[in-house]
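Mind the numbering: the first sequence is residues 2 to 320 in this note's numbering, read in order. Just so it is clear, CB atoms sit at the ideal spot from N, CA and C, and this is done for glycine as well. One structure is given here, and the rest of the page talks about it.
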Amino acid sequence: MPELPEVEVVRSGLERHTVGWRITEVEVLHPRPVRRDERGPAGFAEALTGRRIVAARRRGKYLWLPLDNGDALLGHLGMSGQLLIQTPGAPDERHLRVRFALSSVVEERAQRASRNPGPERPPSVVEERAKRASRNPGTKETRELRFVDQRMFGGLSVSAGGAGLPSEIAHIARDPLDPDFDDDEFVRRVRRRTSGIKRVLLDQTLISGVGNIYADEALWRARLHGERPGDRLTGPQLRELLGHAREVMGDALAQGGTSFDALYVNVNGESGYFDRSLNAYGQEGMPCPRCGTPIRRQAFMNRSSYSCPVCQRPPRVRG
DNA sequence: CGTTGCGCCTGTTAGC
DNA sequence: TGCTAACAGGCGCAAC
Numbered sequence: 002m003p004e005l006p007e008v009e010v011v012r013s014g015l016e017r018h019t020v021g022w023r024i025t026e027v028e029v030l031h032p033r034p035v036r037r038d039e040r041g042p043a044g045f046a047e048a049l050t051g052r053r054i055v056a057a058r059r060r061g062k063y064l065w066l067p068l069d070n071g072d073a074l075l076g077h078l079g080m081s082g083q084l085l086i087q088t089p090g091a092p093d094e095r096h097l098r099v100r101f102a103l104s105s106v107v108e109e110r111a112q113r114a115s116r117n118p119g120p121e122r123p124p125s126v127v128e129e130r131a132k133r134a135s136r137n138p139g140t141k142e143t144r145e146l147r148f149v150d151q152r153m154f155g156g157l158s159v160s161a162g163g164a165g166l167p168s169e170i171a172h173i174a175r176d177p178l179d180p181d182f183d184d185d186e187f188v189r190r191v192r193r194r195t196s197g198i199k200r201v202l203l204d205q206t207l208i209s210g211v212g213n214i215y216a217d218e219a220l221w222r223a224r225l226h227g228e229r230p231g232d233r234l235t236g237p238q239l240r241e242l243l244g245h246a247r248e249v250m251g252d253a254l255a256q257g258g259t260s261f262d263a264l265y266v267n268v269n270g271e272s273g274y275f276d277r278s279l280n281a282y283g284q285e286g287m288p289c290p291r292c293g294t295p296i297r298r299q300a301f302m303n304r305s306s307y308s309c310p311v312c313q314r315p316p317r318v319r320g
């Protein structure tokens with residue numbers, strides 16, 4: 002399940018492998034992933050065909066690709082979504098939902114590269130190929146961007162005029178790793194909420210990018226029970242919690258951002274972080290790494306919460 | 001406006 | 001063996 006760190010890895014891969022490329026064809030293989038686009042599958046395809054991708058941006062778990070006409074291709078990976086860069090002709094993935102054919106003319110891309118050199122790094126497979134092709138001016142390269150999604154909680158749509166920030170996601174708050182995230186504002190708003198702090202952490206209008214896993218991990222580190230009402234927490238407690246959320250997501254980002262150098266950009270949510278570093282999430286019955294008490298699982302909004310019954314004392318009922 | 005509960009999806013696994 | 005139920009959970013929305 003991709004959370005913020007995984008989505009950032011995908012954004013970064015898209016930036017590297019699709020910016021500057023033109024969409025020459027769009028094939029919608031299943032209508033559900035484009036359900037948010039009012040024009041339907043055909044209108045979705047038409048609005049994108051011929052457009053050039055000019056950037057790759059993210060807010061919380063939403064991604065968007067600004068286009069050369071001011072619109073944007075907006076996407077969310079949901080639970081199981083993947084955005085893959087593929088060689089044309091590669092066999093269709095089992096849950097392939099949308100296929101974008103991309104093309105790039107060699108000298109156009111070389112121009113861009115010289116204008117914007119980017120950081121030092123070893124040349125990728127893609128770049129090596131581009132270098133070879135550049136000896137034949139006018140060579141057109143092709144590749145595919147594929148949206149693969151087993152469970153189809155995710156989706157894609159075209160946002161009219163959404164290159165800057167799509168209006169569809171204007172209500173999504175900044176994430177805590179965003180330099181413009183406003184800690185004071187967050188604390189003020191949380192302290193007006195009577196809901197449990199875990200639900201507050203999952204409210205994307207207050208703070209984005211935090212999912213069930215990182216919420217449980219941040220709360221464990223802060224020794225707070227998820228049912229503690231927001232308005233019963235102090236400013237310092239909330240600032241500490243925010244710090245833990247940053248730490249836990251920053252660590253995952255550092256570990257997950259290993260290599261998207263290959264042509265095949267794949268994020269399946271298993272960044273490797275989960276196997277090694279989880280203290281609470283999914284650890285039912287395992288000893289709490291701090292005090293040894295078995296971690297317990299509780300039902301929470303049709304899913305699960307994991308916490309230490311000793312370190313994270315549940316709140317008293319409001320009197 | 002804040003709060004709360006739930007439906008959307010499909011593949012895997014546990015249990016009878 | 002074959003069936004059903006539980007589970008994974010981000011997000012938006014309806015109802016209060």
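Asked: Between which residues of its own chain and ARG323 is the CB-CB distance below 8 Å, once the five residues before and five after are set aside?; Found: The structure shown does not extend to residue 323, since the chain is modelled only from 2 to 320, so the question has no answer here.
Asked: Can you give the beta carbon distance from ARG247 to PRO316, rounded, assuming they're within the 8 Å contact cut?; Found: Wrong, their Cβ atoms sit about 24 Å apart, outside the cutoff.
Asked: Going by C-alpha to C-alpha distance, which of LEU75, GLU186 and MET302 sits closest to THR206?; Found: GLU186
Asked: Span of the alpha helix (DSSP H) holding ARG293?; Found: Here the sequence assigns Gly to residue 293, which means Arg is not the residue at that position. It is not in any alpha helix (DSSP H) - GLY293 carries neither H nor E in the DSSP assignment.
Asked: Which value, in whole angstroms, describes the spacing of the CA atoms of ARG314 and ARG189?; Found: 24 Å
Asked: Between which two residues does the beta strand (DSSP E) harbouring HIS77 extend?; Found: 73-77
Asked: Quick check on DSSP: helix, strand or coil for GLU4?; Found: coil
Asked: Measuring straight from C-alpha to C-alpha, what distance separates ASP183 and ASP93?; Found: 43 Å
Asked: Among TYR215, ALA223, THR19 and LEU103, which one has its Cα closest to the Cα of SER305?; Found: TYR215
Asked: With a Cβ-Cβ cutoff of 8 Å, do LEU84 and LEU74 count as a contact?; Found: no
Asked: From which residue to which residue does the alpha helix (DSSP H) around ARG189 run?; Found: 184-191
Asked: In whole angstroms, give me the CA-to-CA distance for THR235 and LEU220.; Found: 14 Å
Asked: Only counting the same chain, and skipping five residues up and downstream in sequence, which positions put a Cβ closer than 7 Å to that of PRO34?; Found: ARG98, VAL99, PHE148, ASP150, MET153, GLY155, GLY156 and LEU157
Asked: Does the pairing of the region 53-65 with the region 3-22 give three or more beta-carbon distances under 8 Å?; Found: yes
Asked: Please state whether the Cβ-Cβ distance between VAL201 and ARG193 is less than 8 Å.; Found: no
Asked: Give me, in chain order, the residues of the same chain whose beta-carbon lies closer than 7 Å to that of LEU146; leave out the 5 immediate sequence neighbours on both sides.; Found: THR19, LEU84, ILE86, PHE101 and LEU103
Asked: On the DSSP letters alone, give me the boundaries of the beta strand (DSSP E) that TYR215 sits inside.; Found: Looking at the DSSP string, TYR215 is not in any beta strand (DSSP E); the run it does join, the alpha helix (DSSP H), is 213-223.
Asked: Who are the Cβ neighbours of GLU1 in its own chain at under 6 Å, not counting the five residues just before and after it?; Found: A question about residue 1 goes unanswered here, because the residues of the chain that appear run from 2 up to 320.
Asked: How many Å lie between ARG175 and MET302 at the Cα?; Found: 24 Å
Asked: Where GLU228 and ASN213 are concerned, what is the direct C-alpha to C-alpha distance, given to the nearest angstrom?; Found: 14 Å
Asked: Note down the Cα distance separating MET80 from PRO237, rounded to an integer number of angstroms.; Found: 33 Å
Asked: Among the residues of its own chain, which have a CB less than 6 Å from the CB of THR143, if the five just before and after it don't count?; Found: PRO89 and SER104
Asked: Grab me the residues of SER209's own chain with a C-beta within less than 6 Å of its C-beta, minus the 5 sequence neighbours each way, in chain order.; Found: GLY61, ILE173, ALA174 and ASP176
Asked: Measuring alpha carbon to alpha carbon, tell me which residue in CYS289, ALA57, GLU7 and VAL159 is nearest PRO42.; Found: VAL159
Asked: Alpha carbon to alpha carbon, how far is ALA91 from TYR265? Give it in angstroms, no decimals.; Found: Bear in mind that a pLDDT of 39 at TYR265, under 50, signals an unreliable position, so the model cannot answer this.
Asked: Have a look at ARG240 and PRO288 and give me their C-alpha separation to the nearest angstrom.; Found: 27 Å
Asked: Which residue comes first and which comes last in the alpha helix (DSSP H) that contains ALA102?; Found: No alpha helix (DSSP H) holds ALA102; the beta strand (DSSP E) holding it covers 97-106.
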